[in-house]
Every structure is written in C-alpha cells, then in structure tokens.
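Number of protein chains: 2
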Amino acid sequence: MSRSLQHPTRDQIDLPMVLDCLSDPTRLAIVYTLAQHERAATELCCGDFNALSGKSNLAYHFAKLRESGLMLTRIVGTNRLMKLRREDLDARFPGLLDAVIKSAARDAKRLQIPDVETVGAG
Amino acid sequence: MSRSLQHPTRDQIDLPMVLDCLSDPTRLAIVYTLAQHERAATELCCGDFNALSGKSNLAYHFAKLRESGLMLTRIVGTNRLMKLRREDLDARFPGLLDAVIKSAARDAKRLQIPDVETVGAG
Numbered sequence: 001m002s003r004s005l006q007h008p009t010r011d012q013i014d015l016p017m018v019l020d021c022l023s024d025p026t027r028l029a030i031v032y033t034l035a036q037h038e039r040a041a042t043e044l045c046c047g048d049f050n051a052l053s054g055k056s057n058l059a060y061h062f063a064k065l066r067e068s069g070l071m072l073t074r075i076v077g078t079n080r081l082m083k084l085r086r087e088d089l090d091a092r093f094p095g096l097l098d099a100v101i102k103s104a105a106r107d108a109k110r111l112q113i114p115d116v117e118t119v120g121a122g
Numbered sequence: 001m002s003r004s005l006q007h008p009t010r011d012q013i014d015l016p017m018v019l020d021c022l023s024d025p026t027r028l029a030i031v032y033t034l035a036q037h038e039r040a041a042t043e044l045c046c047g048d049f050n051a052l053s054g055k056s057n058l059a060y061h062f063a064k065l066r067e068s069g070l071m072l073t074r075i076v077g078t079n080r081l082m083k084l085r086r087e088d089l090d091a092r093f094p095g096l097l098d099a100v101i102k103s104a105a106r107d108a109k110r111l112q113i114p115d116v117e118t119v120g121a122g
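Taken in sequence, the protein lines are chains V and L. With full-length UniProt numbering applied, the first sequence corresponds to residues 1 to 122, in that order. With full-length UniProt numbering applied, the second sequence corresponds to residues 1 to 122, in that order.
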C-alpha cells in the first residue's frame, strides 16, 4: 500500500511562501542539489542529503519544501523520493527558480553548499 | 548638512537575506512599485507608498529593504528618496530581481498590490 503526502496544487503555490522557503541556506542547498540531478531525471532520497545537515533537521526542511510547492515527494516502500516541481514552478513564476539556482551557484562557497558529487556519493 | 544611512556594500548583499526580505507581501509591493518607476529614473519618497500600509509599518519595511541591499535610500532635507539597487542586484544575482518582479506582477491581485497609478498619485 502506498501512502501519499499532501502537496499544494499548482495554483496554490504562493510567491511569498516560496521566497520564504528559499531564504534558508539549508533549503537553498537542497534545491540546488535537486536541480543538479534534474537533467538525469533522477529522484533523490533523504540519505542523499546527509552532507547538508542532521536527519531530523533535514526532515523538517523537506516538509517545508513540499508544503511550499517547491518539491514533490513520493513514498516508495521505506524511501521518500524527491524532485523539484520544475513544471509547476516555471508555469507559476517563469524564470524564478532558475535565477535562484544560478544565484546560489554563484554564492555556493559563501552558502557552504557542498559539491554535488559529495552530496550524492553517500 | 546631510545624514547618510547605512547600506551593505555590493559584495555584502546576501542571497538568503534578499529572499527573506522579498518574502513579505508588503515589501514585495514596495519593490514592485519601485520597479515601475525605474524607467523614469524617479526616486520615490515615503508618502508615495501610503496606499500600501501605515506609516510606521512602512518605515520598518523600508529599513529592512535598505539593510538587505534591495533599496538605496538617501536623505534630502526632510525627505527620504528611495530607489532599487538595480545595478548591484543584477551584478550579484543576474535575473533574480526581474524574475521576482514579473512573478509579483502575475500575482498582483492575490498579493493585493495596488495599481501603480494609485500608489504614486497621493
């Protein structure tokens, strides 16, 4: 049996809530990491982010990202698989996600975003 | 004699702080309004925003916008003249300000951003 988690609809995605969600460095790093895996259409699981923070702290940030409409999470067995809501975000706020990801990439050192290779390697 | 207010340098402008600053609907509306007056190279003064909120609430938001590096404020006599830090923001985070302003424009009704004509008319 599969349990599904609550996500806002595309129309419910709210600009101030999205910006607030992105204003946290750990969540920025999560979004940045998910973006790096988009081209391969890979979903990531919780363990892929262990380099970013502790488990319970990450769980809190994953929930915030899902509730604000930035991330899609599905439960498969005991895993949670996550990816960016690229299509919904680009439809609601064209160019915003890309601009944020590019800005985060420029400031990766300052934001202490680990190399994506490190993150996915665990 | 002129008194000058403290602003972060271009390099000090911080992505999480900028996103946090923009995550408030009143500040989004202020930024949106300033953007509408950019082409005319007009600075706006406090009174131009009276349609958005009460005076002391606005003063708080103006300070947040200045401290996060989104806005430049100069004091002329008893007036404070304000404009976006377009050049600095575009240099630090290319495309971000425009994406946020376009997104705010799309959701203007939902965000209860008044028509710019109304704002500037007071």
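All C-beta atoms, glycine included, are put in the ideal place defined by N, C-alpha and C.
Rounded to the nearest whole angstrom, the CA to CA distance from D11 of chain L to R85 of chain L is 13 angstroms. In this structure, the beta-carbon distance from R74 of chain L to L81 of chain L falls below 7 angstroms.
If you check the CB distance, L65 of chain L and R27 of chain L come in under 7 angstroms.
Judged by pairs of C-beta atoms under 8 angstroms, the region 39–48 of chain L does not touch the region 97–108 of chain L, as fewer than three such pairs exist. Here D88 of chain L has R10, I13, G69 as same chain residues with Cβ atoms under 8 angstroms from its own Cβ, once five neighbours each way along the sequence are excluded.
By the criterion of a C-beta distance shorter than 8 angstroms, Q112 of chain V is surrounded in its chain by P25, A29, once the five residues flanking it on both sides are discounted.
The residues C46, F49, L52, in chain order, have a CB closer than 7 angstroms to that of L58 of chain L in the same chain once the five nearest residues on each side in sequence are set aside.
Relative to L72 of chain V, the option among V:K83, V:F62, V:T78, V:A63 whose CA is nearest is V:K83. Sixteen is the threshold: when 16 or more other Cβ atoms of the shown chains lie within 10 Å of the Cβ of A35 of chain V, as they do, the residue is buried. In the structure shown, T73 of chain L falls within a strand segment according to DSSP collapsed to helix, strand and coil. Put simply, of V:F62, V:T42, V:R39 the residue whose alpha carbon is nearest the alpha carbon of L5 of chain V is V:F62. A residue is called buried when at least 16 other Cβ atoms come within 10 angstroms of its Cβ; T42 of chain L does not meet this threshold and is exposed. Counted as a single uninterrupted DSSP element, the alpha helix (DSSP H) harbouring R86 of chain V occupies residues 86–92. Look at K109 of chain V here: in three-state DSSP terms it is coil, with no helix or strand label. C-alpha of P8 of chain L to C-alpha of V31 of chain V: approximately 26 angstroms in a straight line.
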